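Just so you know, the protein sequences line up as chains A and B, in that order. The opening position of the first sequence corresponds to residue 2 in this note's numbering, with each subsequent residue numbered one higher. The opening position of the second sequence corresponds to residue -13 in this note's numbering, with each subsequent residue numbered one higher. Where is the CB? At the ideal position from N, CA and C, for every residue including glycine. As the structure is a prediction and not an experimental result, all values here were calculated from the model.
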Amino acid sequence: MFKKGLTRRDFVKAGLLTAAATGLGAGVLKPTGLWAAEAKIKGPVKVGYQAILSGTLAGYGEFHKMGVDMAVEEINAAGGIGGAKLEVEFRDSTLKNPEAIKNARYFVDSWGADFLAGVDSSGQALALAPVMAQLDKPLMVTHAATEKLTEQEVFKNGVKQIFRICTPTYQDGNAAAFVAKDLPAMKWATISPKYEYGYTCWGMFKDTLGKLKPGTEFVAESWAPFGTTDFRAHINTIMDANPDGLYSVEWAGELITMMKQADQAGLFKKIKHVMLPVGAAMDVLEGLGAEMPDNIWISGRYFFLYPDNPKNNEWVAAFQKRWKHYPAYVSETGYSSIYAFKAAVEAAGSKDTKAVIEALEGMEFDSPAGKRVFRKEDHQAMYSVPWGLTKADPKYPFKIMGKMVVIPPEECFNRPPFEGAASMPPFKS
Amino acid sequence: MLESLIHVCLAGLSKGMFIWLVASGLTLIFGVLGVLNFAHGSFYMLGAYFCYTLLSMFSDNFWLGLALGPLCVCAVGFVVERFFLRYVYHLHLPYQLLLTFAFVIIFDNLVKILWGGGSIGSPTVTGMAGSVSIAGRLFPTYSLFIMAVGPLVALGLWLMLEKTWAGRIIRAASSDREMASALGVRVPALYTGVFVFGTWLGAMGGGLAVPYVGLLTPGMGEGIIIDAFVVAVIGGLGSLKGAFLGALIIGLLSSFGTRFIPSFDMFLIFILMAGVLLWRPQGFFGEAS
């Protein structure tokens, strides 16, 4: 109790600071940079991070960790957060809901975490919402994409502790529809995961594309359960329907398997327009290598060649130097989640939950993926990720995005109050 | 419609034969040793990884990888049986399950340490990378190959068990362990031999999966082992004939289910298993106890 409370000296300092702030006016008091270092934060800043570290998706956890470790090394080498040391503990989320809750409770109750981050599965993120409200610590979601987390839990149920730094299903469903409307394809079909994520994305894609381009038909759906290794029956279903376009939110290893088997079945010879909302993940691009066909539309939560600016390029180079890998999108979201906390703590001058939430709401900050703004209402980070067409490049042993199309988040992300057609794209203004 | 039906059948048959390749070793080990080997899926995974590593060492020669990889896994199987499993034969089933399950976790993590946690996209087989046109649609050549290997393995196992001296001894030891032992059969050594052979079958399944699934991931054995268990239960635990038939049924059922009743495709397989357990708990070819 006493240790955590303010000492008299802090109190005086804080008083002086407030006085100075009032004197200077709110516009000047934005404690970043040197200012922030002055506003000493008590004790280490502790972040509990959970990601999948076991099973077939263990590679994702490793990539989360690379990004996070790099942020920790950089921040501590530069003097920590507001002068306090940054500590991160990693735990395996296993993708099971009870385990996610157990981890969160352990982090806060036993380990003394100030902040939580990570979480790959949408189911886990939703299960964590009431727990986070109870534990009352900010959670920065870096991978789970369900829009229900921010629309329902944050906006409607008021779980203000949750923020999301990665693009949600809007990127996979809505943004894909904006790209698809300009393609000469009128009949679409899908092979997608047989769970919430697959249904939601396909539903969004259908809704938005239907509105953008009336007359578009959606002719077949084939749902593959988690862990599918044989997509041949699904591929048959799609080929029977004879569509012009295939949309698939299969991801990670299953996407690699599906692409290989679809290629063997001659699917890409028949279906010319293929959209893979999570096809730009590094594990998929590297896993398929030259076997990824050209001219496939891919996207992700971040792609290392976008934006082409010094901040991103330097980060990618540093990442490669440190890990001998190109950064996966979870490396970027993991890395940036730590910097988001740093910026918020330094802006708030405190690691207190309420103050940090206030600082995060509407906060704009620069990250490798570009400028991000946390939307005040639903705590969703607004930033753009390109959609691009695959092409070979002699510089890389895998396919990259050639032609890129960027749909601004303001145009394709659902808007508060998340009710009725006016909340969903296309927007009039 | 007809071309679709033909391809749904082909997809089902190749899937069934692929599951059979894994289920055969599991069934053989259960039939002779009476051990439900959860780690069989790990041997499948190790088979895939060893095969992959060896084939990349020999300039992507898949056949060399397939010949040598499973042999390396046999050494692992030997250690598991000789130094661990042997000590729990006389204990209750839960102990055997616990021990073999522990190996699943150990091997999954070992693979993560040795090959990394990410997935590895595997190369296609030289000479079998393409597809052939059947009924106006392409079908992968390699899937045809799997469909041919399945029955060959079945035939080979049948010949070995029914027509050879070793097979007679294996059958004798599996039907009455004490009597075989009294007649001078060295049962422990025989058990080791059968376990290693079963391991080899599982690892071959894994090696053949390298181009079939097209992907290696730590934990890749956990999915296939469930299919293999379902197949073994439906066919009758320990019955190779039953496992072969069970694999065909599961392969076709899941293929037709996915195509024609997609909302129930996963359900179908388990309803079949539940039905078999209710009305014929010993499976199609199992012996009633």
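Interface annotation, S28(B): not in contact with chain A, CB-CB separation never under 9 Å. In the three-state reduction of the DSSP assignment, P139(A) falls in the coil class.
V196(B) sits close to F48(B), with the two beta carbons spaced by under 9 Å. Fewer than three beta-carbon pairs drawn from the stretch 224 to 231 of chain B and the stretch 35 to 45 of chain B are found closer than 8 Å, and the two stretches are therefore not classed as touching. For S55(A), the nearest beta carbon of chain B is closer than 9 Å to its own beta carbon. Contact of K98(B) with chain A by beta-carbon distance below 7 Å involves A59. For P126(B), the pairing in a beta bridge is given by DSSP as S117(B).
With its beta carbon at least 9 Å from every one in chain B, G280(A) lies outside the interface. Counted as a single uninterrupted DSSP element, the stretch harbouring E362(A) is not any beta strand (DSSP E), since DSSP gives it neither H nor E. Within a 10 Å sphere around the beta-carbon of G403(A) sit fewer than 16 other beta-carbons, which makes this residue exposed.
Leaving aside the five residues that flank D213(B) on each side, the residues in its chain whose CB is nearer than 6 Å to its CB run, in chain order, I5.
Partner residues in the beta bridge of I163(A), as assigned by DSSP, are L140(A).
Taking 9 Å as the cut-off, the Cβ atoms of H235(A) and A225(A) count as close. Burial check for I255(B): the Cβ neighbour count within 10 Å reaches 16 or more, so the residue is buried. Under the Cβ criterion of 9 Å, I257(A) is counted among the residues facing chain B. For the pair M3(B) and Y336(A), the Cα-to-Cα distance works out to about 45 Å.
Out of K429(A), R376(A), A281(A), K343(A), the CA that lies nearest to the CA of K392(A) is found in A281(A).
For S223(A), there is no enclosing alpha helix (DSSP H); the enclosing beta strand (DSSP E) has its first and last residue at 218 to 225.
Scanning R123(B), V21(B), I257(B), V216(B) for the CA closest to the CA of T86(B) turns up V21(B).
Contact between G119(A) and P328(A) fails: their C-beta atoms lie close to 16 Å from each other, not under 8 Å. 9 Å or more divides the Cβ of E315(A) from the Cβ of V279(A). Residue environment for Y177(B): buried (at least 16 other C-beta atoms within 10 angstroms of its C-beta).
Shown here for K188(A): same chain residues with a beta carbon closer than 6 Å to its own, the five before and five after excluded, namely E218, V220, P244, D245 in chain order. The C-beta of P398(A) has fewer than 16 other C-beta atoms within 10 Å across all chains shown, which makes the residue exposed. The continuous stretches of alpha helix (DSSP H) do not include Q51(A), which lies in the beta strand (DSSP E) extending over residues 46 to 52.
Taken through DSSP and simplified to helix, strand or coil, I297(A) comes out as coil. Partner residues in the beta bridge of K188(A), as assigned by DSSP, are E218(A). Below the 7 Å Cβ cutoff, chain B contributes S(-10), H(-7), V(-6), A(-3), R245 as neighbours of N237(A), in chain order. Segment contact: the stretch 42 to 51 of chain A against the stretch 338 to 352 of chain A, three or more CB-CB distances shorter than 8 Å; contact assigned. For D93(A), the enclosing beta strand (DSSP E) has its first and last residue at 87 to 93. In this chain, the beta strand (DSSP E) harbouring G119(A) covers 116 to 119. Note that the C-beta distance between F70(B) and G207(B) is not below 9 Å. In this structure, the beta-carbon distance from L117(A) to P139(A) falls below 9 Å.
With a 10 Å radius around the Cβ and a threshold of 16 neighbouring Cβ atoms, Y81(B) comes out exposed. Rounded to whole angstroms, the Cβ separation of F89(B) and V66(B) is 6 Å, and the two are in contact under 8 Å.
Within the stretch 187 to 206 of chain B, those residues whose Cβ lies closer than 7 Å to any Cβ of chain A are, in chain order, V199, G200, L201, T203, P204, G205, M206.
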